[in-house]
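First the structure, in the form of structure tokens, and then the observations on it.
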Amino acid sequence: MMPTVYLLDYVAGNVRSLVNAIEKVGYGVEWIKSPAEVSNADKLILPGVGHFGHCLRQFTDAGYAEPVRQHILAGKPFMGICVGLQALFERSEEDASVPGFGIIPGELKRFNDEDKSVPQIGWNSANTSPEEHVTGKSIFGLRPDSKYYYVHSYARHYRKGELEELGWTVATARYGDEEFVGAIAKDNVLATQFHPEKSGAAGLRVLKAFLEGKRIQDLPTTPSASSAKEGLTRRVIACLDVRTNDSGDLVVTKGDQYDVREKDAAGGAVRNLGKPVDMAKKYYEQGADEITFLNITSFRNSPVADTPMLEILRRTSETVFVPLTIGGGIRNMVDPDGTKVSALEVATLYFKSGADKVSIGSDAVIAAEEYYARGKKLLGTTAIETISAAYGNQAVVVSVDPKRVYVSSLSTTTHHTIKTSNIGPHGEEYCWYQCTIKGGREGRDFDVRQLVTAVEALGAGEILLNCIDKDGTNSGFDLELINDVKAAIKIPVIASSGAGNPAHFAEVFEKTRTDAALGAGMFHRGEYTVKQVKGYLQERDLLVRRFEE
Ligand code: 1PR
């Protein structure tokens with residue numbers, strides 16, 4: 001029989017990926033369904049995402065706080081992940097009214113967002129002290145030259161020696177100029193601020209070491225100083241636009257300026273570039289830091305719960321251990337039989353099937369327009385708000401589909417305008433970026449600046465910034481648009497549309513402050529691999545995560 005580990009799912013968390021990762025390293029999962037069951041557990045994992053106060057309150061109100069403390073104090077194996085790490089400390093600035101377990105001293109504090117995006121989203125280190133590298137030892141499988149996937153706004157800042165004096169081994173990471181606790185261990189306890197279940201082979205190794213009780217292992221090789229460089233890496237994302245083709249099969253497709261039909265005499269079939277699950281796996285193995293699926297079929301004739309995208313996510317999340325985002329159709333829905341399904345319920349179906357983030361397009365534009373119309377009041381009822389309240393801001397991406405609108409002078413529009421070096425067809429030197437909905441088919445009297453500031457206020461955690469003018473052109477990203485959006489908000493931005501070769505990725509990272517860059521067509525057509533992009537970035541001294549077997 002498979003050895004088991006106990007999992008405590010006390011909030012509506014996305015634990016599917018964690019279960020998949022645990023099974024991948026050879027363990028089965030038993031669920032703890034009541035406080036009394038905690039004492040059955042030998043090994044216990046406490047996940048947690050989203051808001052500290054929300055998590056801790058649910059946890060405490062359900063009566064878990066004391067039994068879990070007892071489990072830890074009795075010396076039984078315990079692993080906390082993300083908010084599961086934060087819970088071990090005394091408190092968090094995120095919600096001062098709820099205490100943590102107080103097993104490790106200190107408080108979680110928000111990252112400074114003056115010089116960087118918050119939340120931190122992406123791959124960073126978890127480096128134990130130099131002495132450990134010198135002795136060639138690894139704590140719970142952590143390696144100084146590996147990168148791990150983090151997503152958080154609050155962190156326990158690191159002061160050398162302070163926690164070590166109390167017997168804790170600390171693995172640190174650096175975000176901007178802030179050094180914080182990436183992972184921490186002592187005796188039976190291991191806690192990671194990062195998500196091991198989303199950190200590729202490096203993360204699975206940590207999970208396995210915990211489950212097998214291998215606290216100290218030999219490092220395979222002593223890493224060089226350069227391979228153990230600290231800091232957040234440049235994130236490279238592969239995006240799969242998925243839709244049903246004319247014979248009813250789900251295929252990965254790719255448009256030119258959002259037109260996905262072949263321009264041939266035969267009548268323009270939907271361009272078919274491959275199978276979604278296989279292609280996601282291929283990009284994972286090439287080193288993609290994230291995979292995004294966009295369900296671009298707007299029509300449907302089945303209940304939401306039967307949508308084939310759910311099956312695609314289920315299958316992908318069994319073999320792909322990096323974050324998965326799903327977009328398309330995240331809004332209030334009505335099933336063919338008249339049953340209403342809220343946006344939150346739709347998102348929940350996706351999270352339960354293995355998605356880590358949902359991406360909202362059209363619905364976000366409508367919600368943002370309404371937000372201004374009612375004088376910037378938050379209602380708490382939009383898809384962005386309900387999903388981020390339940391799953392955390394980091395789980396909500398807003399996908400923006402802008403189109404450039406040229407104007408001859410600033411006085412011809414009230415919209416936020418930029419001076420552009422891409423001169424318009426009639427010599428125009430100014431343009432604004434118009435939001436569209438329904439896959440670019442409908443333009444709104446609403447600009448991207450209005451949209452991104454509104455959705456940040458509503459609780460979005462990240463912006464996926466497309467550009468219809470650039471999509472499928474292989475001519476590079478729209479740097480002006482990206483810079484303009486970055487200047488307006490604090491949440492991370494994923495640059496998208498126009499990537500045609502590795503140099504375009506280097507360019508967008510060097511000339512804008514984008515947090516991530518996404519490519520589609522150039523990968524699907526086999527012109528370049530993700531690995532080649534990363535190799536190129538590395539040559540340019542841009543920090544990337546290398547793929548580990
Ligand atoms: O409005 O919430 O249902 O979401 C619909 C989602 O589907 C949105 O995220 C929207 O961007 C996307 N979408 C709708 N129609 C299309 C289409 O192409 N006809 N695709 C579409 C968007 C853009 C990117 C693309 C990059 C990079 N595709 O995802 O991958 O532009 O391409 P490139 O590197 O080849 O240039 P809702």
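Counting in the UniProt record's numbering, the sequence shown runs from 1 upward without gaps. Beta carbons are placed, not taken as given, at the ideal position from N, Cα and C, and that holds for glycine.
Beta-carbon proximity check, residue i vs residue j, cutoff 8 Å
i: Thr169; j: Tyr158; result: no
i: Lys357; j: Thr325; result: yes
i: Tyr27; j: Pro3; result: yes
i: Gly392; j: His51; result: yes
i: Glu429; j: Lys419; result: yes
i: Ser97; j: Gly63; result: no
i: Ile360; j: Ser399; result: yes
i: Asn332; j: Asp401; result: no
i: Trp123; j: Arg215; result: no
i: Gly287; j: Val25; result: no
i: Glu93; j: Lys109; result: yes
i: Ala191; j: Ala183; result: yes
i: Glu230; j: Arg174; result: yes
i: Val346; j: Lys340; result: no
Cut-off 8 Å between Cβ atoms - residues of its own chain near residue i, not counting five sequence neighbours on either side
i: Gly75; result: Asp187 and Asn188
i: Lys490; result: Asp113, Ser117, Val118 and Glu456
i: residue 550; result: No answer is possible for residue 550: it lies beyond the span of the chain, which begins at 1 and ends at 549.
i: Leu344; result: Ala383, Thr386, Ile387 and Ala390
Residue range of the alpha helix (DSSP H) that includes residue i
i: Gly521; result: Gly521 to His524
i: Cys55; result: Phe52 to Asp61
i: Arg69; result: Ala65 to Leu73
i: Ser18; result: Note that residue 18 is Leu in the sequence shown, not Ser. Taken as a continuous stretch (DSSP letters only), the alpha helix (DSSP H) holding Leu18 covers Arg16 to Lys24.
i: Lys357; result: Element bounds for Lys357: not the alpha helix (DSSP H) but the beta strand (DSSP E), Lys357 to Ile360.
i: Ile482; result: Leu479 to Lys486
i: His504; result: Pro502 to Lys511
i: Phe351; result: Ala343 to Lys352
i: Lys534; result: Val530 to Glu539
i: Leu458; result: Val448 to Leu458
i: Leu85; result: Val83 to Gln86
Cβ of residue i within 8 Å of any chain D Cβ
i: Leu294; result: Any reference to chain D falls outside this structure, which holds one protein chain only.
Residues near residue i by beta carbon distance below 7 Å, same chain, minus five either side
i: Tyr284; result: Ile291, Val320 and Val322
i: Tyr528; result: Asn501, Pro502 and Met522
i: Ile423; result: Glu429
i: Ile22; result: Val5, Val29 and Leu207
i: Asp264; result: none
i: Leu88; result: Gly80, Gly100, Phe101, Ile103, Ile104 and Ala191
Residue i, enclosing beta strand (DSSP E) - first and last residue
i: Leu207; result: Leu207 -> not in any beta strand (DSSP E); alpha helix (DSSP H) instead, spanning Gly200 to Leu211.
i: Ile384; result: Not the beta strand (DSSP E): Ile384 falls in the alpha helix (DSSP H), residues Ala383 to Tyr391.
i: Tyr406; result: Pro402 to Val407
i: Glu30; result: Gly28 to Trp31
i: Tyr148; result: Tyr148 to His152
i: Gly122; result: Gln120 to Asn124
i: Ala173; result: Thr169 to Tyr175
i: Leu464; result: Glu462 to Leu465
i: Arg110; result: Glu107 to Arg110
6 Å CB neighbourhood of residue i in its chain, flanking five on each side removed
i: Asp515; result: Ser117, Pro492 and Val493
i: Thr417; result: Leu410, Tyr430 and Trp432
i: Lys43; result: Val5 and Pro77
i: Ala355; result: Leu313, Leu324 and Ile326
i: Asn474; result: Gly500
Q.
Please give me, in chain order, every unbroken run of the alpha helix (DSSP H) with length at least 4 that falls completely inside the segment 297-322.
A. Those alpha helix (DSSP H) runs which fall completely within the segment 297-322 and span 4+ residues are 308-319.
Q: Entirely within the segment 227-306 and at least 4 residues each: give me those alpha helix (DSSP H) ranges in chain order.
A: 276-286
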